[in-house]
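This report refers to the structure that appears directly beneath it.
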Amino acid sequence: MEMTLALVLALGIASTSVVMMRQHITFIRFVSEFDFLRDEAPLINMLLARLLPRATSYRIYPSTESAIAESGAINSGGSAVLLRNRNPDGTFQLSVVAFETIDGETGLNLYNHDGNDWPDEPDWTISSKPTSVTFSNDTGVLLVTVVGPSGEEITYVGGAE
Numbered sequence: 713m714e715m716t717l718a719l720v721l722a723l724g725i726a727s728t729s730v731v732m733m734r735q736h737i738t739f740i741r742f743v744s745e746f747d748f749l750r751d752e753a754p755l756i757n758m759l760l761a762r763l764l765p766r767a768t769s770y771r772i773y774p775s776t777e778s779a780i781a782e783s784g785a786i787n788s789g790g791s792a793v794l795l796r797n798r799n800p801d802g803t804f805q806l807s808v809v810a811f812e813t814i815d816g817e818t819g820l821n822l823y824n825h826d827g828n829d830w831p832d833e834p835d836w837t838i839s840s841k842p843t844s845v846t847f848s849n850d851t852g853v854l855l856v857t858v859v860g861p862s863g864e865e866i867t868y869v870g871g872a873e
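Residue numbering for the sequence shown follows the working numbering, starting at 713 and increasing by one per position.
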């Protein structure tokens, strides 16, 4: 009788442990699916929140090349935005934030004009995790829509122009 009770108790503890382990694995899998929202989105927000409000003006373009050439500006569906920042001495600093594919790697990149020319490579990559980034100005403010690897969609709002 005592042996039966001990076996039943041991089986109960073992099955409870298995159920708890499965729940833990399911929870970890669920949390890791949204690592873009948890880890990458706040960093993108921090960087865009520093870049966009500094711009005295901006223009949206369909590609990095057209933004650098400053030709073919559009209002929505752009993959690049040219930011014009006024320096204290009255000169302007130009930069381009662009979602593009370079050597098979997609990324949201930043290019800074050095006063003479644009760099061939981005100065830095804001994020390489998004699957899509679009810039638009349909509502009078700059909207940056970022889509993550699991289809998560976040829209950041820049300044009005």
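Where a beta carbon is used, it is the ideal one built from N, C-alpha and C, also for glycine.
Just so it is clear, the structure is predicted and the values come from calculations on it, not from any experiment.
Cα-Cα separation between residue i and residue j, rounded to whole angstroms
| i | j | result |
| --- | --- | --- |
| Thr768 | Leu795 | 8 Å |
| Asp747 | Ser844 | 16 Å |
| Val808 | Arg734 | 47 Å |
| Gln805 | Asp751 | 30 Å |
| Ala781 | Asp835 | 18 Å |
| Gly827 | Val859 | 33 Å |
| Tyr770 | Asn799 | 15 Å |
| Tyr868 | Thr728 | 45 Å |
Residues that residue i bridges to, as DSSP identifies them
| i | result |
| --- | --- |
| Thr837 | Asn821 |
| Ser844 | Val859 |
| Glu865 | Val859 |
| Ile737 | The partner list for Ile737 (beta bridge, DSSP) is empty, contrary to what the question assumes. |
| Ile814 | Glu817 |
Buried/exposed call for residue i, threshold 16 Cβ in 10 Å
| i | result |
| --- | --- |
| Ile737 | exposed |
| Ala718 | exposed |
| Gly711 | No statement about residue 711 is possible, as the shown extent of the chain runs from 713 to 873 and does not include it. |
| Pro842 | buried |
| Ile772 | buried |
| Val856 | buried |
| Ala761 | exposed |
| Leu755 | exposed |
| Pro765 | exposed |
| Leu749 | exposed |
Helix, strand or coil at residue i [DSSP, three-state]
| i | result |
| --- | --- |
| Gly827 | coil |
| Thr716 | helix |
| Gly870 | strand |
Within-9 Å CB hit, residue i to chain E
| i | result |
| --- | --- |
| Val845 | No chain E is part of this structure, which consists of one protein chain only. |
Original post:
Whole beta strand (DSSP E) runs in the region 740-812 with 3 or more residues, listed along the chain?
Top reply: 769-773 and 792-798
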